[in-house]
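Counting in our numbering, the sequence shown runs from 83 upward without gaps.
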Amino acid sequence: MPHRSLLPLLLLPLLALPVTAQDVLPEIVVQAPGEAASQAFVGDVLDDTHGKQLARWHQPLCVTLRGFTPDQEGRFTKRLQDVASIAGLPPAKAGCKPNAIVLLTDAPDRLIDRMLVQHPGIFAPAKPSEVRRKLADGDVARVWSVALTMGADGSTPDAAMKGGAVITSVKIAPGNASRLASATRADLFRSMVILDVKGLVGLPLDAVADHVAMRLLGQLGEAKGGRLPSILSLFQTKAGARPLALTEWDRALLRELYTAPAATTADRQRRQIARRLGETAGTAP
Numbered sequence: 083m084p085h086r087s088l089l090p091l092l093l094l095p096l097l098a099l100p101v102t103a104q105d106v107l108p109e110i111v112v113q114a115p116g117e118a119a120s121q122a123f124v125g126d127v128l129d130d131t132h133g134k135q136l137a138r139w140h141q142p143l144c145v146t147l148r149g150f151t152p153d154q155e156g157r158f159t160k161r162l163q164d165v166a167s168i169a170g171l172p173p174a175k176a177g178c179k180p181n182a183i184v185l186l187t188d189a190p191d192r193l194i195d196r197m198l199v200q201h202p203g204i205f206a207p208a209k210p211s212e213v214r215r216k217l218a219d220g221d222v223a224r225v226w227s228v229a230l231t232m233g234a235d236g237s238t239p240d241a242a243m244k245g246g247a248v249i250t251s252v253k254i255a256p257g258n259a260s261r262l263a264s265a266t267r268a269d270l271f272r273s274m275v276i277l278d279v280k281g282l283v284g285l286p287l288d289a290v291a292d293h294v295a296m297r298l299l300g301q302l303g304e305a306k307g308g309r310l311p312s313i314l315s316l317f318q319t320k321a322g323a324r325p326l327a328l329t330e331w332d333r334a335l336l337r338e339l340y341t342a343p344a345a346t347t348a349d350r351q352r353r354q355i356a357r358r359l360g361e362t363a364g365t366a367p
């Protein structure tokens, strides 16, 4: 598996999160409202992959944090690993090479501009204009991830991968394009979350960690539709109405994302996740 080190980012000066770690909140249990709501929820939170397969990790999530106090860092990291275990990922080993990073800053736009100048390879193969368009949305959590197209068995296709470019040599015979579904899968390669500290005031550290974990574990966006209770709506819902911990819908979404067939079409993956979501929400992980 190719690896591009995230170490250059570790030197970036960032601010610490001004919130105090709180006790773990009880999970929020909800009743399944039916497949229609599940489909709407899935459509809300799963990023548009433009027909590409849904990406997920096929290796332990090894996260490094910058901008946190030591106490916050330890608690945040543990919370991330706890959520990753719901997806079935094994814990990362001590000394692992980071494949994900969480950056905390009070000037996200300036930080992004600096990274584009000093470490453009972090975003490769995307152009700076594409990066700015994607990340200049003003959201509290800004996410950038790179996925690689791999063989269905996890083997690296015979292709040159430069700077995280996604190139596959799988050859499809004319009239047999469906073979692509069984020949490849999408593997998350590296992910980054940039948190704007100004939008975190008053939020529990655990709630922020749960939200970040969901964004790191899949190409998931914020739940802006408010169709189902989800930690993904942490920055979208008015205080008092937003969940401050993973809901059963979040847990079910992670389980289904990581058990859906990896080597199949994106449409089929989405349909299966939506169908199974209502059936599994509320069951034990």
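Just so it is clear, CB atoms sit at the ideal spot from N, CA and C, and this is done for glycine as well. What you are looking at is a predicted structure, and each value in this text was computed from that prediction instead of being measured.
Contacts around residue i, its chain only, beta-carbon distance under 7 Å, and the 5 residues preceding and following it disregarded
i: alanine 174; result: Pro142, Leu143, Cys144
i: proline 172; result: Pro142
i: glutamine 163; result: Pro173
i: alanine 366; result: Because the pLDDT of alanine 366 is 48, which lies under 50, any placement of that residue in the model is unreliable, and the number read from its coordinates should be weighed accordingly. No residues qualify anywhere along the chain.
Residue closest to residue i, alpha-carbon to alpha-carbon, out of the options
i: leucine 328; options: Gly220, Thr187, Thr341, Ala169; result: Ala169
i: serine 120; options: His201, Lys179, Ala305; result: Ala305
i: valine 279; options: Pro207, Val290, Asp195, Phe271; result: Val290
i: glycine 203; options: Val294, Ala218, Arg272; result: Arg272
i: histidine 293; options: Arg353, Phe158, Val124, Lys134; result: Phe158
i: glycine 220; options: Ala323, Arg192, Ala342, Thr146; result: Arg192
i: serine 227; options: Arg297, Ala176, Arg337; result: Arg297
i: serine 167; options: His140, Phe150, Lys179; result: His140
Neighbour-count burial assignment, residue i, 16 or more Cβ in a 10 Å radius
i: proline 182; result: Inspection of the sequence shows that residue 182 is occupied by alanine rather than by proline. Buried, by the Cβ-count rule.
i: glycine 236; result: exposed
i: valine 283; result: exposed
i: aspartate 349; result: exposed
i: serine 315; result: buried
i: alanine 118; result: exposed
i: arginine 337; result: buried
i: alanine 208; result: buried
i: alanine 295; result: buried
i: glycine 177; result: exposed
i: proline 286; result: buried
CB contact flag (residue i, residue j, <7 Å)
i: aspartate 57; j: leucine 230; result: Outside the displayed range of the chain (83 to 367) lies residue 57, so it cannot be described from this structure.
i: isoleucine 276; j: proline 190; result: yes
i: valine 199; j: phenylalanine 317; result: no
i: arginine 161; j: tyrosine 340; result: no
i: proline 313; j: aspartate 332; result: Note that residue 313 corresponds to isoleucine in the displayed sequence, not to proline. Contact: yes.
i: isoleucine 355; j: valine 165; result: no
i: glutamine 351; j: leucine 136; result: yes
Check: residue i C-beta below 6 Å from any heavy atom of the ligand SAM
i: methionine 296; result: Although the ligand SAM was asked about, the structure shown includes no ligands whatsoever.
Same chain only: Cβ atoms within 8 Å of residue i, ignoring 5 sequence neighbours per side
i: isoleucine 194; result: Val213, Arg214, Leu217, Ala218, Arg224, Ile276
i: aspartate 188; result: Leu97, Asp278, Val279, Lys280
i: proline 343; result: Arg350, Gln351, Gln354
Cut-off 6 Å between Cβ atoms - residues of its own chain near residue i, not counting five sequence neighbours on either side
i: glutamine 155; result: A small correction: the amino acid at residue 155 is glutamate; glutamine does not occupy that position in the sequence shown. Once the five neighbours on either side are set aside, the close Cβ partners of glutamate 155 are Leu147.
i: serine 211; result: none
i: methionine 274; result: Ile183, Trp226
i: phenylalanine 205; result: Val213
i: glycine 245; result: Confidence in glycine 245 is poor, its pLDDT being 38 and thus under 50, which makes the residue's placement too unreliable to answer from.
i: arginine 353; result: none
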